[in-house]
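With our numbering applied, the sequence shown corresponds to residues 22 to 980, in that order.
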Amino acid sequence: MIPRLLSLLLTALAPALAGVGPAAGDRVPRTALLPDTILRPDLSVQPSTVRAGTTADPGEAHVRLGLRRIRVTSDGLARPRSPTLGTLDGSYRPGSPRRTFVAGSESVPGALVRVPPLDELVLRRRVAEFGQSELDLFLPPVPVERGQGTPADGDRFVTDYADLALNVRSRMELGGDWTRFEPCDADFGVGCNPNIIPQLSPDVQFGVQIDGTILDRIRVDVDFDQSREFDAANRINIFYEGSEDDVLQRVEVGDVTFDLPQSRFLTDGIPAGNFGFQAAGQVGAFDVETVWAQQRGDLNSRTFQLTGLGDQRAFVQEDTLVLDDADYVRGQFFFLVDPARIDRYPHIDALELDAASAPFTVAPGAEPLQLYRFEDDPIFRQQVEGFIQADAVATDTTGLELRESGWFRYLQQGIDYYVHPSGLWIALRQPLSREEMLAVTYITASGDTIGDYNPELIYNRGQRPELRLLKASGANHQPGRPTWDLEMHQVYRVSGSGDVAPGSIDLSISLGELSAGRTFKRRPTGQDITFLRLFGLDEEAPTDDLDDAFVFSAGEDFFQDQPPVQGSFVFFPTLRPFAVPPPVESLSLTETVTQQILGDDANPRIYFEEDPFERDNGGRFRLTLAYRIQSEGLISSFSLGAFGIRDGSERIFVGDRLLTRGVDYEIDYDVGQVSLLDPDLLFASTPDASVRASWEQRSLFQITPTQVFGVRSHADLGTRGGVDFLGLYQSERSVVRRPILGTEPAAALLGGLSSRYDTPVGWFDRFLEAVPGLEFAGASTFSASGEVALSLPNPNTLGRGFVDDFDGASELSVRLRASDWILGSAPAFRDGADAVLPTVVDASTASSLVWQHQWIIQSLSGDSVGVHEGYFPRIQIDNQIRLSGSDIREPGLLLTLGNSPTGLGTPGWRSTMTPLSTNGLDLTKTEFLEFYATGDEAITLIIDLGALSEDAFFVDENG
């Protein structure tokens, strides 16, 4: 404004400054030199500033500076430049390259100023000559010249070619610890004699953040941190971006997002987040995008339901749990009496038992139970207060006795465990671990005592009480042992939460996965019977529905906030349902008939297999449990039940309304927690609306890495629609050499063509407006869309698969205690070891051999330093082994071979052996033998696998 006002003032003062001297032409009348305002009497006359040359005519060549037009000629930028201003020469013609000012009797030609190209810096310098102003209302921002602008910030790397923000973090921790228990427990192991110097383990964590541009075309976005618990949260992205008219619009490397078109058939199961290469370009009306990357995410969805009115509103969440028949609850539900003494054994419905279901000579009476737990945690075992030292004894019907001893802790009824109203079984609040034990003492209804009642009194007198053992330690709690049948094996946990809605549990039982397995068997009459009914869970309920009478929730029987046992459980009405199904009374099927129907599909392995690994992994049937979790009150925050959600991939709907992040909700992508900002407003119009959420989750690890190659093309149909083409090829890669049946790597080729066209229908609008009495406001639109899709799957790219018969574990460890090894026999053949074995392998060449898993370390003076057992993995075995926590010794075997009996320079031999299996072992599928060995170079270690003679070789007194 100041330059503009200055020019107006100079124009107004021009006649006074000119005087009355002679003119060099026709002078402009004074009345024509009026201020440049809208109050001019004659608007057809050019403004004074235009005629004075300070402002260009709109028809002339000019440039704009703020609100001013500056005239430009072929010689450069022209403006008046006279020390004294006179009247404007009347010979001025629009478009003339020069102006003449008259000052007195002199005529001074207007100066021509040649300037550099009109960039922002030049324009600002020209403005400075008109006057200074602190207002930059109409001026472009002050540019910063590279190398001459303001100095770069401390956290940025700025050169002529790059502008990057760089942040590098590094953290190193060095620590160690000692562990020692008093009194020392030999069973606990290594903490008894810690070294003087702790084992120090360094922990280095590195993080880097880079954000910026290179050459104004390449953008770098890196956020990597080793300390993140979820490694997939790291982000690496580098892309090149072309100009508006370039064919190649974008090239991207790292974490890329493939923009998939809307498709009903192709893109629902394809995650957008990938790691690899992506390029996008345009050719005319066609947009082309291609990607080649490894998938790093999975698509998931979930539905929540809000029910009730007013204060009775509750938030309902649908959930599904899949279990194997071997996944019955362990260490939590126990019979107090031998189940063989209970009515209808073995088909016992534990939820329907009463006090009369067992003889009064063994059933608990009115006196309270006294239950004791043997703690496996070494910290608890160091405590004395609250513990008693007792013997726990169990005896089966054959007279086999099992005795355990230890320190037991008293459990409080109603707090630590739940007692069924029948008094015949209990449920623990905290399940027992494998090595923990459980014992009980009580007075029967007939007055007899089971165990020593009030054992604390006996212990305080200095005696050791005796209890009834309900669960033995892991090695003794096995099928065929006295305590095995006292634990229930027909209970399956639905949820550990007490919010499961009553009557909402739906159970489906199938052979294998539900989507591909059978859910029924054929009866002798030719009719089908579902497994749900065959196993006795569908007697009184509608067909194919779980009877609510077989669902147990201890919280329904207690009014306190925290019942002793939380969660919901399904009880089968028989002790071993998948081996011996119960009779089905509603169909008049006896126990014999139900066993015939089940036939070879029976799975007694999960109840009677002695090997715990085989027993725990011998599942055959699949239990699919669907249920609803209901929480009271209007929900304002809920969990998606997923970790590591990809940023921006979530879609949350309330009814049919898509919510907006930051307006309707906030989300924590790391833990999957969603918070509604105003739930009352969201549910005001639709109180019963469901909340639907879909998201893409970054995989924590990938069992089958998947690669994808895709091409997408889009062509606009003017402004009314477009055509999309999509081609995708997905391929999986197996991480194992012998993928078992059902896990083979697969591939799929997907292709599709979709189109959409929208056009206004004006004639229909006019028709509606012409209808009498019809008020129509809007516009009608005709929309048409279509899609064609093709899928060519390949379920097995290898062309072969392997069947796992579960006869052996994937790994077989060799025991390294001295007691597990014995002297071996002489090898029958020297094949493969001719160069190291003596010519004759017999007693004449046999050397002495000593093996031990504990040894004494001696100092240089011969004194004993201590007894050692095993080796430190990182220091003494392999320094590339990575450890978490303290460095604990691993078992090891020290072998000492004597000199050859035939003298120095001749080879000797000796063998030792340990059985890998007592009943045979298939080693044909074994691919690797992994072990660590070190020792004297003069000794050769020969390993032989196979069937060996049970008669060990030894040298008698006669040689």
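Glycine included, C-beta positions come from ideal geometry on N, C-alpha and C.
Taking Tyr182 as the centre and dropping the five residues before and after it, the same chain places the C-beta of Leu236 closer than 6 Å to its C-beta, in chain order. The DSSP-derived three-state label of Thr551 is strand. For Val782, the closest of Ser801, Thr764 and Arg192 by C-alpha to C-alpha distance is Ser801.
Per DSSP, Phe571 lies in no alpha helix (DSSP H) and is assigned neither H nor E.
Here Ser443 is buried. Its C-beta has 16 or more other C-beta atoms within 10 Å. In the same chain as Leu342, and ignoring 5 residues on each side of it, the C-beta atoms closer than 6 Å to its own belong to Leu646, in chain order. For the pair of segments examined, the stretch 378-391 was found to touch the stretch 358-367: the number of CB pairs separated by less than 8 Å reaches three. Relative to Pro814, the option among Arg759, Ala839 and Gln751 whose CA is nearest is Gln751. According to the DSSP assignment, Trp876 belongs to the beta strand (DSSP E) that extends over Gln875 to Gln879. Looking at Val229, Thr764, Arg649 and Ile843, the one whose alpha-carbon comes closest to that of Val337 is Arg649. In the same chain as His83, and ignoring 5 residues on each side of it, the C-beta atoms closer than 7 Å to its own belong to Ala77, Arg90, Ile91, Arg92 and Val93, in chain order. For Arg787, the closest alpha carbon among the candidates Tyr778, Gly799 and Arg777 is that of Gly799. Annotated three-state conformation of Ser865 is helix, per DSSP. Take Val189, set aside five residues on each side of it, and the residues of its chain with a beta-carbon closer than 6 Å to its own are Val229, in chain order. Gln616: member of the alpha helix (DSSP H) spanning Glu612 to Leu619, first to last residue.
Taking 7 Å as the cut-off, the Cβ atoms of Glu534 and Arg643 count as close.
Take Leu392, set aside five residues on each side of it, and the residues of its chain with a beta-carbon closer than 8 Å to its own are Tyr431, Leu432, Gln434, Asp437, Tyr438, Ile447, Leu459, Ala460 and Val461, in chain order. Cβ atoms of Val675 and Leu703 come within 8 Å of each other, at about 5 Å.
Separation of the CB atoms of Thr465 and Val383 is rounded to 6 Å, and the pair is thereby assigned contact status at 8 Å. With respect to Gly772, Gly748 sits close: the two C-beta atoms are nearer than 7 Å. Fewer than three beta-carbon pairs drawn from the stretch 853-865 and the stretch 891-899 are found closer than 8 Å, and the two stretches are therefore not classed as touching. Trp505 sits in a helix when the DSSP states are folded into three classes. For Leu488 and Gln511, the gap between their C-alpha atoms comes out near 26 Å. For the stretch 705-743, the continuous beta strand (DSSP E) assignments of 3+ residues that do not extend past its boundaries occur at 711-719 and 727-737, in sequence order.
Between Arg450 and Gly352, the alpha-carbon positions lie close to 10 Å from each other. Three or more pairs of CB atoms, one per stretch, sit closer than 8 Å, so the stretch 598-606 contacts the stretch 614-632. Arg177 is bridged by DSSP to Ala186.
The beta-bridge partner set that DSSP reports for Leu679 consists of Phe674. The beta carbon of Arg485 is closer than 7 Å to those of Gln410, Ala411 and Asp412 in its chain, skipping five residues each way along the sequence.
Per DSSP, the continuous beta strand (DSSP E) segment holding Ala805 begins and ends at Thr802 to Asn815. If you check the CB distance, Glu790 and Phe797 come in under 7 Å. No Cβ-Cβ contact shorter than 7 Å links Gln270 with Ala306.
Nearest neighbour of Phe227 by Cα position, chosen from Thr234, Arg238 and Ser248, turns out to be Ser248. Close CB contacts of Phe325 within its chain, under the 7 Å cut and outside five residues either way in sequence, are with Phe336, Val337, Gln338, Phe659, Ser711 and Val712 (chain order). Assignment of Phe593 by DSSP, reduced to helix, strand and coil, places it in the coil class.
In the three-state scheme derived from DSSP, where H, G and I count as helix and E and B as strand, Tyr439 is classed as strand.
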